[in-house]
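Residue numbering for the sequence shown follows UniProt numbering, beginning at 1 and increasing consecutively.
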Amino acid sequence: MIRDVWFFQPRTMAKANYANAGGKEQTWTPWWACYLAPAASGAGLGAHLIDARADDGWRARVQALGADDVLAVTALTGAALRDALEASAIARDRGAYVVWGGPHATLFPAETLAQSPAHAVIPGTGGFPGLALLLGRLTGTAGPPGPDDPRILVKGGHLVTVPRFGGHGTGQTIIADDPDPRLDLITDWEPYVNADEAIDARTTSFVTSEGCLRRCTFCTEPQTSGHSWYTHPVERSVEVLAEMARRSRAGGIKLHDPNFFHDPVRAMAFAQRFRARVGLRWASSLHPADLQEMPDTQLRAAADAGLCRVLIGMETPVPALIRLSNKRYDPAGIETMVRRLTAVGIRGMFTFIVGWPDAEPGHYQQTIDCAFAIKDLDPRHQCKIHFLEPWPGTPLAKMLARRGLQHPTSLSGWADVDYYQAQIPGLHNPAYTEIVRDANRQLSPYIDA
Numbered sequence: 001m002i003r004d005v006w007f008f009q010p011r012t013m014a015k016a017n018y019a020n021a022g023g024k025e026q027t028w029t030p031w032w033a034c035y036l037a038p039a040a041s042g043a044g045l046g047a048h049l050i051d052a053r054a055d056d057g058w059r060a061r062v063q064a065l066g067a068d069d070v071l072a073v074t075a076l077t078g079a080a081l082r083d084a085l086e087a088s089a090i091a092r093d094r095g096a097y098v099v100w101g102g103p104h105a106t107l108f109p110a111e112t113l114a115q116s117p118a119h120a121v122i123p124g125t126g127g128f129p130g131l132a133l134l135l136g137r138l139t140g141t142a143g144p145p146g147p148d149d150p151r152i153l154v155k156g157g158h159l160v161t162v163p164r165f166g167g168h169g170t171g172q173t174i175i176a177d178d179p180d181p182r183l184d185l186i187t188d189w190e191p192y193v194n195a196d197e198a199i200d201a202r203t204t205s206f207v208t209s210e211g212c213l214r215r216c217t218f219c220t221e222p223q224t225s226g227h228s229w230y231t232h233p234v235e236r237s238v239e240v241l242a243e244m245a246r247r248s249r250a251g252g253i254k255l256h257d258p259n260f261f262h263d264p265v266r267a268m269a270f271a272q273r274f275r276a277r278v279g280l281r282w283a284s285s286l287h288p289a290d291l292q293e294m295p296d297t298q299l300r301a302a303a304d305a306g307l308c309r310v311l312i313g314m315e316t317p318v319p320a321l322i323r324l325s326n327k328r329y330d331p332a333g334i335e336t337m338v339r340r341l342t343a344v345g346i347r348g349m350f351t352f353i354v355g356w357p358d359a360e361p362g363h364y365q366q367t368i369d370c371a372f373a374i375k376d377l378d379p380r381h382q383c384k385i386h387f388l389e390p391w392p393g394t395p396l397a398k399m400l401a402r403r404g405l406q407h408p409t410s411l412s413g414w415a416d417v418d419y420y421q422a423q424i425p426g427l428h429n430p431a432y433t434e435i436v437r438d439a440n441r442q443l444s445p446y447i448d449a
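And the structure:
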């Protein structure tokens, strides 16, 4: 008889690329676990967190699981798969039921089920309904199957075969009706408090939405979300953040929404409510096209509401590569964007990509020069340059596969994926590997590549 669900957060092993201002790896709040925990409560089960990033004794805790436990694993593509596989093998050997979700399981649900120790895989954005259904089935508390039930794969075949959303993949905005995340899942907030020189010495992170409606050719976010945008209501999100700030004694909040300003009305409603209810400095993502379309009055209002830093995926200053990436912004306006942010006191983290297929060799230096030009305009801005990693399921990955690029075929192979390492022969110019890394050391305090 199942009694408890243990949410497992693997290590990302990314200190070299995501160090905070205190010299430690940025450890994000395990928001997936918090959002999913009410599914356990709803099934009458206990909910617990095992976070390998914050608990050196995580293996012993997993080894203590038994037949009355469920291990719920959320894993990104990359190094996090190593801990996910190890923990799952230990738990299954002890008789626990193992379920996987998250980005990698969404991109490769059948392969993940076949190659991991998982008994079940729940693909898709907004995993609460799927986990709630699975736990209901395991405990005998679920109702009869419905036409809009989530998709779950189990050993031996599909448990449910109908996607959750009829509009999934059609550019639909989904307003979540899930329960509020359980912040009490976290008993010690200190590991999730990061020193961020652009926000606050005590900064914590969370998300208010998942997915993306845009169709950039290199990014997995549209692929994992089915080109849908899964949003949590603004009012409830702000209340959750107020409570999170109280529990963690945070002085700033970093939102990891993939595209926070996608709906400017929602974004500004959040800004005003957050200012009134929480009153801390905060950071978010901002698409360059959204910044170019944003009136100065709105940008100023966001800054007045506490917005102090934005993550802007510029990707490239080269017009031909912007077309290839389908990023859809005007690179001639980069300087104007930088000056507008400076004028209202918002600091930017501008990210770029090099190693585009069929790109002119000079695009490496053009990208580096653009990043340093941004720093010259205002040294408080930061930049970071990534090497292109053709993420699975993306149009670029499919194009390169037709040209013979071989993707990993195993979970252990996918664990080696790292877009800071320029791993793909023929795609990256080895002469620029160290040049780019040296540039990153100068462009961002969060890089030790």
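Every residue gets a Cβ at the ideal spot worked out from N, C-alpha and C, and that includes glycine.
Go ahead and pull the three-state DSSP assignment for residue i.
i	result
residue 197	coil
residue 363	helix
residue 298	helix
residue 161	Confidence at residue 161 is low in this model, with a pLDDT of 40, below 50, so the placement of that residue is unreliable and no value is reported for it.
residue 440	helix
residue 389	coil
residue 186	coil
residue 272	helix
residue 48	strand
residue 35	helix
residue 28	coil
residue 333	helix
residue 424	coil
residue 42	helix
residue 327	coil
Taking C-beta to C-beta, are residue i and residue j nearer than 7 Å?
i	j	result
residue 391	residue 220	yes
residue 213	residue 189	no
residue 185	residue 79	no
residue 305	residue 277	no
residue 133	residue 150	yes
residue 29	residue 205	yes
residue 348	residue 310	yes
residue 218	residue 400	no
residue 6	residue 50	yes
residue 342	residue 290	no
residue 8	residue 87	yes
residue 52	residue 83	yes
residue 240	residue 270	no
residue 459	residue 10	Given a span of 1 to 449 for the chain in the structure shown, any question on residue 459 remains unanswerable.
residue 350	residue 294	no
Please report the distance separating the alpha-carbon of residue i from that of residue j.
i	j	result
residue 96	residue 71	7 Å
residue 210	residue 91	29 Å
residue 254	residue 374	22 Å
residue 352	residue 109	30 Å
residue 441	residue 55	29 Å
residue 259	residue 334	19 Å
residue 193	residue 307	19 Å
residue 398	residue 407	10 Å
residue 75	residue 138	22 Å
residue 123	residue 435	39 Å
residue 268	residue 231	14 Å
residue 115	residue 411	7 Å
residue 421	residue 387	7 Å
residue 44	residue 62	21 Å
residue 251	residue 362	43 Å
Spell out the partners DSSP gives residue i in its beta bridges.
i	result
residue 205	254
residue 261	In the DSSP output, where bridge partners are listed per residue, residue 261 has none listed.
residue 293	Paired residues: none, contrary to the question.
residue 315	352
residue 6	48 and 71
residue 231	175 and 209
residue 307	282
residue 370	DSSP, once it has assigned bridges, lists no residue as partnering residue 370.
residue 99	72 and 120
residue 383	350
**Message:** In chain order, what are the residue ranges of uninterrupted beta strand (DSSP E) at least 3 long that sit wholly in the stretch 115-150?
**Reply:** If we require 3 residues or more, the beta strand (DSSP E) runs fully inside the stretch 115-150 come out as 120-122.
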